[in-house]
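Novice: From first to last, the protein sequence lines stand for chains A and B.
Counting along the first sequence from 1, when you hit position 243 you're at 243 in this note's numbering, and nothing is skipped either side.
Just so we're on the same page, this note's numbering is the position in the second sequence counted from 1, plus 526.
Where is the CB? At the ideal position from N, CA and C, for every residue including glycine.
Before I ask anything, let me first share the structure, which is written out below as structure tokens.
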Amino acid sequence: MYSFRKAILAATCVGSLVAMAAPASAQTTLRAVMHSDLKILDPIWTTAYIVRNHGYMIYDTLLAQDEKGAVKPQMVEKYEVSPDNKTYTFTLRDGLLWHDGKPVTSEDCIPSIKRWAAKDAMGQKMMSFVDTIDMVDAKTFTIKLKEPTGLVLLGLSKPSSNVPFMMPKRVAETDPSKQIEDFTGSGPFVFAKDEWKPGDKTVYVKFDKYKPRSEPPSGMAGGKVAKIDRVEWRAISDAQQAINALQKGEIDMIEQPSHDLLGSLKKDANIDVIVSPMLKNQYVFRPNHLHKPFDNPKVRQALWYAFNQEDFLMATIGDENYIKVCKELFICGTSFASAKGTEDILSSNFKKAQELLKEANYDGTPVVLMHSTDLKVLTNLAPVAKSLMEKAGFKVDMQSMDWQTVVARRAKKDPPNAGGWNAFLTAWVTADVLNPVSTGYLNSSCDKALFGWPCDETMEKLRDDFARTSDPAKQKEISEAVQKRNIEITAEIPVGEYVSPMAFRKNVKGLVIAPAPVFWNLEITK
Amino acid sequence: MYGYLFRRLIGTIPVMLVVAVFIFLMLRLTPSDPAAILAGDSATTEQVAKIRGQLGLDRPMVEQFFIWSAKVLTGDLGESFFFKKTVASLIGERIEPTLSLSLFTIVFAVLIAVPLGVLAAYRQGSWVDRIVMGFSVLGFSMPSFVVAYLLIYLFAVWLDWLPVQGYQRIAEGVGGWVRGLILPSLTLSVIFVALIARMTRTSMLEVLSEDYVRTARAKGQSERKVLFRHALRNAAVPIVTVIGLSIALLIGGVIVTESVFTIPGLGRLTVDAVTARDYPVIQAVVLLFSFVYVMINLAVDMTYTVLDPRIRY
């Protein structure tokens, strides 16, 4: 008995010592559930949004767009454009460091730009105008153009995949078709690779030596002040369980809570449901131009008259607070959005659609419509499309499959009866559909275009014209022409916009309204 | 017996070979493309094709099979397409949660089901018997995710006794490890409690009418001794068979339960790998599960000789 008492006493003493040794101010940890688990770590190698979000944690960009879409310096102190608009000179800020403590130099930025440009569609377009990228000194480099383009600033401030993140020279020189294996960045957080357990959690710790800009945060621009010591992305795949965990305080935020579960969160006094206007999404219908019946432009035209956006939005999101009917090609409210030419479309004028099908001599060839069944925000799109198309006179063969099968099948150019397809629906985030060059589905370069493979010289010329100009008024004018041309050739059809709100515990404050979820400026209050 | 054991072990080789061929073909014949998933939404057809080449998926299927099986024979399960980690290390990371969950589940199931089954047989036709059998039917009928949500609502959300989700490794503290496993293992054990209790009852009813039970009672042995020393031991063979089957069936159960409770085990790894079409991981996990299944069946067969000395191989 005596020994037992001694043991208890010893344990108590040790416990007290451990408690005394604990740091005076406890670490703050923010536990978040993101829309997906992080599996790949190279934001240049893949366009997956979760990898882009990972990029924003640990990397920084030379330029960034604020919440109004204006291009602002980020890693650079300043940039200068020569009078002939053919030379851009970038000067890096003082005190920028990589996570390994070495200074960020022009020598790092040049291969970073080149690697990004080798993979990204806008980057490739930008590089077609670039003559040379030269280092002037450790803090300065120039981009010299063969002819002027507005894409240098738009490209280097591109907010969504692929984002031109800066990496150390040794990392940036990795073959763009291979994934990087060194995750040294210069962003506000450091990736804790040893703690990364795919399927469980991804951990980031605050980079104490990060030097944020002095301006307040705005969009992706401004001061990226990390106010939390540690961020953990928890991989909770069950939507209801994520809600339960948030309500119980086991996690602090959910990036994209399911719309149908928002009701219980709104009733909870400990939870804030925040709608970030920059985290909008646009639903789109994508026809395959290679095969019958959508190889005929007039048949594709009929779709504009068969569809209406209300039906799609109510069937998928079902809550008027989170949807917006917007017939504009670029997200409503952004710089290049315009209502021109959209007056008589997307209002389910079935008579007009039937007339167009008749004029096109549509012979009843069934439309193979791929129906994604496992992603809740997409599941109800295809049945609505089928119903509206059938009312217009189309014959539709809707084939149900999981999203990953859609992803695999849409890459096939085979005829629909040999494993190919005619149409599918998906969603893009705001940052991807801001202008004619960044909007992937507008690429109409035939074989080189994204799946669906539209082929149209006029559209490509308009996109080139957009790339050549840096005058906002001219860019807007070209964007309107692109929208008009899209209605003529039907590269894609926007079928409505929705927002995905974020949910936070009440003690989490400081969300920056940005086109991607960012963790700087967030803090946990008591 | 050793000869039998050897023959059974040799017999696992063709079984594993068939499983390997089957899973390999199944994955290649399903309409999916890991390269397209890896590349992301904005990737061009050329980029997807390049990734396909890097993964070796553009090679003829037979060549892919021989490359993979040659590696497996040397103990190399390959590298995950997505995680850039070896499959062996991924399995190593995930095995502890799954083993813990399986262990807790079987212990819960046996500790609850066997006494319930014995009691139901002893009180055949009484309200106790009816309640146990009613629970058994309910346990069979309810999908495990429904049981999971009910238990979560009751014990985690409403009573706030246990965590909603998550797993704490045993090295990080035994208390947290146990707390995190109670709800998932209770969820998973419901169906096995139903199965084992029912089998125990049936088996006990047969044994309780035997002469030696009457003799034991006539000798003045207590009912507890009659039930647990004489009857249960003789009724054990079918019960052990069902417990063995339950362990094998757990493999399916952990997939759902680990997903609902966010336990980073082999079940969750399987779901993630299937969703992402991570072929090397799926192939390795299916092979592992098949091997475990075969071994459990062998272990059950060996147990018979211990429980019933009349059984000889």
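Nearest-angstrom Cα distance between G440/A and L425/A?
Specialist: For the purposes of this step, residue 440/A is taken as residue 440 along the first sequence, with counting starting at 1. For the purposes of this step, residue 425/A is taken as residue 425 along the first sequence, with counting starting at 1. For G440/A and L425/A, the distance between alpha carbons rounds to 14 Å.
Novice: Who are H371/A's beta bridge partners in DSSP?
Specialist: Mapped onto the first sequence, residue 371/A falls at position 371. Paired residues: S400/A.
Novice: Do A172/A and S106/A have their CB atoms nearer than 8 Å?
Specialist: Start at 1 with the first residue of the first sequence, and residue 172/A comes out as number 172. Start at 1 with the first residue of the first sequence, and residue 106/A comes out as number 106. No, they are not a contact pair.
Novice: Would you mind listing the beta strand (DSSP E) stretches within the stretch 251-307 of chain A that are 3+ residues and don't spill past its ends, in chain order?
Specialist: You should have 271-274 and 280-287.
Novice: Counting Cβ pairs closer than 8 Å, one from the stretch 187-201 of chain A and one from the stretch 131-146 of chain A, do we hit at least three?
Specialist: No: fewer than three Cβ pairs fall under 8 Å.
Novice: Using a cut-off of 7 Å between C-beta atoms, extract the partners of T571/B located in chain A.
Specialist: The sequence position of residue 571/B within the second sequence is 45, counting from 1. The answer, in chain order, is A411 and F451.
Novice: Going along the chain, which residues of the stretch 169-197 of chain A sit with their C-beta nearer than 7 Å to a C-beta in chain B?
Specialist: Listed by position along the chain: S177, Q179 and K197.
Novice: Taking any Cβ of chain B, which residues in the stretch 482-495 of chain A have a Cβ under 9 Å from it, in chain order?
Specialist: Residues: none.
Novice: From A427/A, P148/A and M389/A, pick the residue whose C-alpha is nearest to that of S372/A; which is it?
Specialist: Residue mapping note: residue 372/A aligns to position 372 of the first sequence, counting from 1. For the residues A427/A, P148/A and M389/A, the minimum Cα distance to S372/A belongs to A427/A.
Novice: Cα-Cα, which of G651/B, V672/B, A639/B and F671/B is closest to F661/B?
Specialist: As a position in the second sequence, residue 661/B is number 135, starting the count at 1. Checking every option, the nearest Cα to that of F661/B belongs to A639/B.
Novice: K266/A touches chain B at which residues, Cβ-Cβ below 8 Å?
Specialist: Mapped onto the first sequence, residue 266/A falls at position 266. What K266/A touches in chain B: nothing, since even the nearest Cβ is about 17 Å away.
Novice: Taking 8 Å as the threshold (beta carbon to beta carbon), is E232/A in contact with chain B?
Specialist: For this step, residue 232/A is matched to residue 232 along the first sequence. Not closer than 8 Å to any Cβ of chain B, the Cβ of E232/A fails to qualify, so no.
Novice: Got a sec: is the Cβ-Cβ distance from Q691/B to anything in chain A below 8 Å?
Specialist: Looking up residue 691/B in the second sequence gives position 165. It does; some Cβ of chain A falls within 8 Å.
Novice: Just verifying my parser: in three-state terms, what is the DSSP assignment at D686/B?
Specialist: Walking along the second sequence from the start, residue 686/B turns up at place 160. Coil.
Novice: For A569/B, name the three-state secondary structure that DSSP assigns.
Specialist: Locating residue 569/B in the second sequence gives position 43, counting from the first residue. It is coil, neither helix nor strand.
Novice: Does any C-beta atom of chain B lie closer than 8 Å to the C-beta of I254/A?
Specialist: Reading the first sequence from its first residue, position 254 is the one you call residue 254/A. False, the Cβ-Cβ gap to chain B never drops below 8 Å.
Novice: According to the Cβ coordinates, are Q691/B and I236/A closer than 8 Å?
Specialist: Taking the second sequence and counting its residues from 1, the one referred to as residue 691/B is at position 165. Taking the first sequence and counting its residues from 1, the one referred to as residue 236/A is at position 236. For Q691/B and I236/A, yes; Cβs fall inside 8 Å.
Novice: Taking the continuous alpha helix (DSSP H) assigned at F550/B, which residues delimit it?
Specialist: Position 24 of the second sequence, counted from the start, is the residue given in the question as residue 550/B. Taken as a continuous stretch (DSSP letters only), the alpha helix (DSSP H) holding F550/B covers Y528 to L555.
Novice: Measure the CB-CB distance between Q247/A and D260/A and report whether it falls below 8 Å.
Specialist: As a position in the first sequence, residue 247/A is number 247, starting the count at 1. As a position in the first sequence, residue 260/A is number 260, starting the count at 1. Taking 8 Å as the Cβ cut-off, Q247/A and D260/A do not qualify as a contacting pair.
Novice: Under the rule that 16 or more other beta-carbon atoms within 10 Å means buried, what is A10/A, buried or exposed?
Specialist: If you number the first sequence from 1, residue 10/A lands on position 10. Model confidence at A10/A stands at a pLDDT of 47, short of 50, so the residue's coordinates are unreliable and nothing is read from them.
Novice: Out of D200/A, D414/A, P212/A and N521/A, point me to the one whose CA is closest to K292/A's CA.
Specialist: What you label residue 292/A is simply residue 292 of the first sequence in a count that begins at 1. Of D200/A, D414/A, P212/A and N521/A, the residue nearest in Cα terms is D414/A.
Novice: Could you tell me whether the stretch 738-752 of chain B touches the stretch 765-774 of chain B, where touching means 3 or more Cβ pairs closer than 8 Å?
Specialist: Taking 8 Å as the limit for Cβ pairs, the verdict is that the stretch 765-774 of chain B does not touch the stretch 738-752 of chain B.
Novice: At a CB-CB cut-off below 7 Å, which residues of chain B make contact with N417/A?
Specialist: Position 417 of the first sequence, counted from the first residue, corresponds to residue 417/A. Correct list: empty, because the minimum Cβ distance to chain B is about 14 Å.
Novice: State the beta-bridge partners of Q65/A as determined by DSSP.
Specialist: As a first step, residue 65/A must be located in the first sequence, where it is residue number 65. V71/A.
Novice: Could you check how far apart the C-beta atoms of A723/B and L642/B are, in whole angstroms? I think they sit under 8 Å.
Specialist: Working through the second sequence from its first residue, we reach residue 723/B at position 197. Working through the second sequence from its first residue, we reach residue 642/B at position 116. Between L642/B and A723/B the Cβ distance is about 5 Å, and since that is below 8 Å, they are a contact.
Novice: Could you name the residues of the stretch 613-642 of chain B whose beta carbon sits closer than 7 Å to any beta carbon of chain A, in the order they occur along the chain?
Specialist: The residues in question are E619.
Novice: Say whether chain B places a C-beta atom closer than 8 Å to the C-beta of Q241/A.
Specialist: Looking up residue 241/A in the first sequence gives position 241. Judged by the 8 Å Cβ criterion, Q241/A is in contact with chain B.
Novice: Mind reading off the beta-carbon distance from M542/B to L813/B? Whole number of angstroms is fine, and I expect it under 8 Å.
Specialist: The residue you call residue 542/B lines up with position 16 of the second sequence. The residue you call residue 813/B lines up with position 287 of the second sequence. Going by Cβ atoms, the distance from M542/B to L813/B rounds to 7 Å, so yes, they are a contact pair.
Novice: Residues of chain B with CB closer than 8 Å to the CB of E250/A, please, in chain order.
Specialist: Position 250 of the first sequence, counting from 1, holds the residue named residue 250/A. Here the neighbours are P689, V690, Q691 and G692.
Novice: Would you tell me roughly how many angstroms separate the C-alpha atoms of G420/A and V406/A, rounded to the nearest one?
Specialist: Position 420 of the first sequence, counted from the start, is the residue given in the question as residue 420/A. Position 406 of the first sequence, counted from the start, is the residue given in the question as residue 406/A. Their backbone Cα atoms lie some 10 Å apart in a straight line.
Novice: Quick one, which of R803/B, G537/B, I837/B and I789/B has its alpha-carbon nearest E622/B's?
Specialist: Here residue 622/B corresponds to residue number 96 of the second sequence, with the count starting at 1. The candidate whose alpha carbon is nearest that of E622/B is I789/B.
Novice: Counting only beta-carbon separations shorter than 8 Å, does A682/B have a partner in chain A?
Specialist: For the purposes of this step, residue 682/B is identified with residue 156 of the second sequence, where counting begins at 1. Yes, A682/B counts as interfacial toward chain A.
Novice: If you reduce the DSSP assignment to three classes, tell me which class P23/A lands in.
Specialist: On the first sequence, residue 23/A is found 23 positions in, with the first residue counted as 1. Its pLDDT being 44, under 50, P23/A is placed unreliably in this model, and the value from its coordinates should be taken loosely. Residue state, collapsed to three classes: coil.
Novice: Which value, in whole angstroms, describes the spacing of the CA atoms of S186/A and P159/A?
Specialist: Here residue 186/A refers to the residue found at position 186 when the first sequence is read from its first residue. Here residue 159/A refers to the residue found at position 159 when the first sequence is read from its first residue. Whole-angstrom Cα-Cα distance: 17 Å.
Novice: Reducing DSSP to helix, strand and coil, say where L38/A ends up.
Specialist: Within the first sequence, numbered from 1, the residue matching residue 38/A stands at position 38. Here L38/A sits in coil by DSSP.
Novice: Within 8 Å (strictly less), CB to CB, does A22/A reach chain B?
Specialist: Stepping through the first sequence from its first residue, residue 22/A is reached at position 22. Residue placement at A22/A is poorly supported in this model, since its pLDDT is 42, which falls under 50; the coordinates are not used for a value here.
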